[in-house]
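Here is the structure we will look at, set down as structure tokens.
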Amino acid sequence: MMNNIMTAIGNVLSIGAILAMFGGAIVGTVLGAIPGLNGTMAIALILPITLYLNPWVGIPMILAIYKAATWGGSIGSIMLNTPGTSAAIVMCLDGNQLNKQGKPLKALKACLYSGIIGDFLSDLICIFVCAPIATIAIMVGPPEFMMLIILALSIIAVLGDTAPVKAIISAGLGLFFACIGYDLITQTPRLMFGVLELGDGIKFVPMLVGMFALSEALYKLIRGEEEHDKDAYNAMLKSKENDLDTKELWTNKFTILQGTIIGTFIGALPGIGSTVSPWLSYALSKKESKHPEEFGKGSLTGLMSAQSACNAVSGANLIPLLTLGIPGDSVAAMLIGVMQVHGLKPGPLIMTNNPVGVYSIFAALIICDIIYFLVGLVSVKYASYITKISSRILTIMIIVMSVIGAYAYNRSMFDVVVMLVFAVIGYFMKVYKFSVATFMIAFILSPTLETNLRQSLILFDGEIGLVFQRPVAVALFAVACMLVLLPIISFILKKRRTPRAPEA
Amino acid sequence: MDNNTKSKKYELIYSIGLLVISLLMIFWIIPSQTVISKTETSMQPSAFPTAASVLVVAGSILLIIQLLLGKLKPEHQGESGLHVKSFIEIICAIIIYLLMIKFVGFHTSTLIACVLALRFYANVKWIGCIIGTAIFLCVVYALFEIALAIPLPKGFLF
Chain A
730 MMNNIMTAIG NVLSIGAILA MFGGAIVGTV LGAIPGLNGT MAIALILPIT
780 LYLNPWVGIP MILAIYKAAT WGGSIGSIML NTPGTSAAIV MCLDGNQLNK
830 QGKPLKALKA CLYSGIIGDF LSDLICIFVC APIATIAIMV GPPEFMMLII
880 LALSIIAVLG DTAPVKAIIS AGLGLFFACI GYDLITQTPR LMFGVLELGD
930 GIKFVPMLVG MFALSEALYK LIRGEEEHDK DAYNAMLKSK ENDLDTKELW
980 TNKFTILQGT IIGTFIGALP GIGSTVSPWL SYALSKKESK HPEEFGKGSL
1030 TGLMSAQSAC NAVSGANLIP LLTLGIPGDS VAAMLIGVMQ VHGLKPGPLI
1080 MTNNPVGVYS IFAALIICDI IYFLVGLVSV KYASYITKIS SRILTIMIIV
1130 MSVIGAYAYN RSMFDVVVML VFAVIGYFMK VYKFSVATFM IAFILSPTLE
1180 TNLRQSLILF DGEIGLVFQR PVAVALFAVA CMLVLLPIIS FILKKRRTPR
1230 APEA
Chain B
283 MDNNTKSKKY ELIYSIGLLV ISLLMIFWII PSQTVISKTE TSMQPSAFPT
333 AASVLVVAGS ILLIIQLLLG KLKPEHQGES GLHVKSFIEI ICAIIIYLLM
383 IKFVGFHTST LIACVLALRF YANVKWIGCI IGTAIFLCVV YALFEIALAI
433 PLPKGFLF
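Residue numbers (my numbering), protein chains in the order written: chain A, 730 to 1233; chain B, 283 to 440.
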């Protein structure tokens, strides 16, 4: 075994592998930060090249792009209020607020450090408890998935920063818009209005770019820039308050650890981990916090809990991939292709058939963390320089980059039109204080929710009540009900305890 | 009418609007735009969008009740004023830019649009507008057309 481990480390510590990882980390960070582009796109472009390279140059490069792009997406969230990926949406809530307060460097460093810690610990958990977590992951079926999504939507609706009733409306709208396109099971057209381009539904990337980037630019153009004291802002940029203190990181150690555990266990569930885990972690840390009112207004605790959970998913995604051959997301699906071309067959027998291969992947995960951390330290410094650009120039650049980003996704002007439509919707949601984040999360989770609901109905021959015979599903549903009903019950109890004013 | 009353008025208008649209969805648009499947017995394709619309209906009714009873917190109320004129101007400008991209070409359209926007919105000098836009377009060209091999729209010009 020691021999295999040493060979694996030697595979990944070659000059070619290290350079490939550095290149991958730089590409991932830059593309992750640009609105409309993401790590998955970069991996898809580099994939054909990796098939001709040594596997221990290609696979580490892909892993480096994946991990760095997760952190890169947060740069967009913090500096431009434009998340690079769905997982980075939650970072907009507090990260962008910190930027507006003149503390962009603090926010970026908080994300980088909490992300790297989450990533590293998640990789260690993946290495040591891969098989047991995979065993639990396959016990989770359609009813449990369905309840987990209902729980996630309940958390976001109840614990978000808007009125709960407006969050419910946002969630309903998100679920509705996701239904446009060919029906998942019967493949009949649904709400397409005869537009063939809507066959695959509304594309996520143009919608994301429209609702976050372009709507933000529209808001600034139409309503003017937010007034703030420029002198105070510039003074804050140069002050020590703008940097992350070691004490601030240490104070949040349990938050980061909690986020890592949530990200690792939820991330091991194929398909939903990267979207759901940052929200669950954020919501839990808000519940536990002594100052929940600070969340959504620049809370470091909120930011770190979400980022650590977000980054923890990247290692956990490999658990079902390596042990069961089930890809957790599109990046894992691409990795399966590369691994199979190079003779690595993911599945239950991989440890027996190719232990060096498995240990090499584990070693690559750890070394990628170190490399993208180094790249991150440099990128943090340059990313914070975005504040030096005039916000009017930045608004114009955001509009142009949004158009490019929406077009580049599928090389279609139709997507650009979709982006504009959702930019207008996002603008009105912002003006009337509806939660854009809840809308997006509901949109992303809607197909999974509907598929699992319909699979559950098929499983139970139409008797949906039989879902409540599954203990995990019941537990998740109970938590969701508690989250929704608890604020109402505590309000009623509080009213009963408050003595009435005596009548005159 | 003070700002608070104005914003409550707009809140009420759009809540009622949302309610009407969701009801239209449930009773007219969804039935006309989905196909009833004879083979699918567990859940019809129209069921999920209908359930989502019911959620919006329920939320709209609750919002209307909260507004009428004055229970919606001020920090959860929308902003007053729609800035309709500015909104229409900006949207028209963006639509013209997109039409130019489709028919003229991305690089030419963006050069013209960026130079004008930088000059009249960001108050940058003409020489700065032209040089800045040229550098920006070179970077975009190198990144998208060369590095990522994503050709940007070309009309009758570049």
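Even glycine gets a Cβ: it sits at the ideal position worked out from N, Cα and C.
Is there at least one non-hydrogen atom of the ligand ADP closer than 6 Å to the beta-carbon of residue i?
i: L300(B); result: Ligands in the displayed structure: none, and consequently the ligand ADP is not present.
Taking the alpha carbon of residue i as the reference point, which residue from the options has its own alpha carbon closest?
i: F994(A); options: G1044(A), E945(A), S899(A); result: G1044(A)
i: L742(A); options: L774(A), G768(A), P784(A); result: P784(A)
i: M875(A); options: C1210(A), T1004(A), T1177(A), V1208(A); result: T1177(A)
i: P872(A); options: T1180(A), C1210(A), R1226(A), L1222(A); result: T1180(A)
i: D823(A); options: L748(A), L947(A), P1007(A); result: P1007(A)
i: L1032(A); options: H1020(A), G1194(A), M940(A), C821(A); result: C821(A)
i: K932(A); options: D1190(A), F1197(A), A1137(A), N971(A); result: A1137(A)
i: Y296(B); options: T316(B), F385(B), V338(B), T415(B); result: V338(B)
i: V1153(A); options: I372(B), V302(B), G341(B); result: I372(B)
i: L760(A); options: M750(A), I772(A), F1157(A); result: I772(A)
i: R952(A); options: K367(B), I432(B), A416(B); result: K367(B)
i: G757(A); options: G1134(A), V1104(A), I1122(A); result: V1104(A)
i: L880(A); options: E1017(A), L1222(A), V1203(A), I791(A); result: V1203(A)
i: A416(B); options: L400(B), N405(B), Y292(B); result: L400(B)
i: W310(B); options: M325(B), I298(B), T332(B), S289(B); result: T332(B)
i: S1175(A); options: E970(A), N825(A), L882(A); result: L882(A)
i: I1122(A); options: A946(A), I856(A), I755(A), A762(A); result: A946(A)
i: G801(A); options: S1018(A), L950(A), G1155(A), Y1111(A); result: Y1111(A)
Kindly say whether residue i, judged by its beta-carbon, lies nearer than 7 Å to any beta-carbon of chain B.
i: M1169(A); result: no
i: A817(A); result: no
i: F905(A); result: yes
i: L920(A); result: yes
i: V924(A); result: no
i: L950(A); result: yes
i: E1179(A); result: yes
i: A749(A); result: no
i: V894(A); result: yes
i: C1097(A); result: no
i: L1222(A); result: no
i: D912(A); result: yes
i: R1199(A); result: no
Let me see if you follow: with CB-CB separation under 7 Å, is residue i close to chain A or not?
i: K290(B); result: no
i: M382(B); result: no
i: A441(B); result: Coverage of chain B is limited to positions 283 through 440, which leaves residue 441(B) absent and any answer about it impossible.
i: V302(B); result: no
i: L309(B); result: Going by the sequence as given, residue 309(B) is Phe instead of Leu. Chain A, which has no Cβ nearer than 7 Å to the Cβ of F309(B), makes this no.
i: V317(B); result: yes
i: T390(B); result: no
i: F438(B); result: no
i: G387(B); result: no
Would you say residue i reaches chain C, if we count a Cβ-Cβ gap shorter than 7 Å as a contact?
i: V1129(A); result: Among the protein chains of the structure shown, namely A and B, there is no chain C.
When you compare only the Cα positions, how much space is there between residue i and residue j?
i: T891(A); j: C1039(A); result: 23 Å
i: D929(A); j: G910(A); result: 5 Å
i: A1041(A); j: V1201(A); result: 23 Å
i: M1126(A); j: A395(B); result: 11 Å
i: M1148(A); j: L1215(A); result: 38 Å
i: L827(A); j: D974(A); result: 15 Å
i: A334(B); j: I878(A); result: 15 Å
i: V1070(A); j: I1096(A); result: 23 Å
i: Y423(B); j: L927(A); result: 29 Å
i: R1226(A); j: I1218(A); result: 12 Å
i: L782(A); j: A749(A); result: 11 Å
i: T316(B); j: F1024(A); result: 42 Å
i: S1003(A); j: L350(B); result: 40 Å
i: N1083(A); j: P1075(A); result: 9 Å
i: L986(A); j: G870(A); result: 27 Å
i: M731(A); j: I738(A); result: 11 Å
i: L1050(A); j: M1063(A); result: 11 Å
i: L837(A); j: V1150(A); result: 31 Å
i: A798(A); j: L841(A); result: 12 Å
Exercise for review: Tell me the start and end of each unbroken beta strand (DSSP E) in the segment 1002-1059 of chain A that is at least 3 residues and wholly inside, in chain order.
Suggested key: none
Check your understanding: Fully enclosed by the segment 289-315 of chain B, which alpha helix (DSSP H) runs are 4 residues long or longer?
Key -> 312-315
Review point. Counting pairs of Cβ atoms below 8 Å between the segment 983-993 of chain A and the segment 1008-1027 of chain A, do you hit three or more?
Key: yes
Review point. Any chance the segment 936-948 of chain A sits against the segment 807-818 of chain A, with 3 or more Cβ pairs inside 8 Å?
Key: The answer is yes - the segment 807-818 of chain A touches the segment 936-948 of chain A, with three or more Cβ pairs under 8 Å.
Exercise for review: Report yes or no: do three or more beta-carbon pairs, one from the segment 914-930 of chain A and one from the segment 334-348 of chain B, lie closer than 8 Å?
Suggested key: no
Check your understanding: Counting pairs of beta carbons, one from the segment 792-808 of chain A and one from the segment 1103-1115 of chain A, are three or more of them closer than 8 Å?
Key -> The answer is yes - the segment 1103-1115 of chain A touches the segment 792-808 of chain A, with three or more Cβ pairs under 8 Å.
**Study point:** Whole runs of the alpha helix (DSSP H) within the segment 869-905 of chain A, excluding any shorter than 4 residues
**Key:** 871-888
Review point. Hey, which unbroken runs of the alpha helix (DSSP H) at 4 residues or more fall wholly within the segment 1057-1084 of chain A?
Key: Within the segment 1057-1084 of chain A, the complete alpha helix (DSSP H) runs of at least 4 residues are 1059-1070, 1079-1082.
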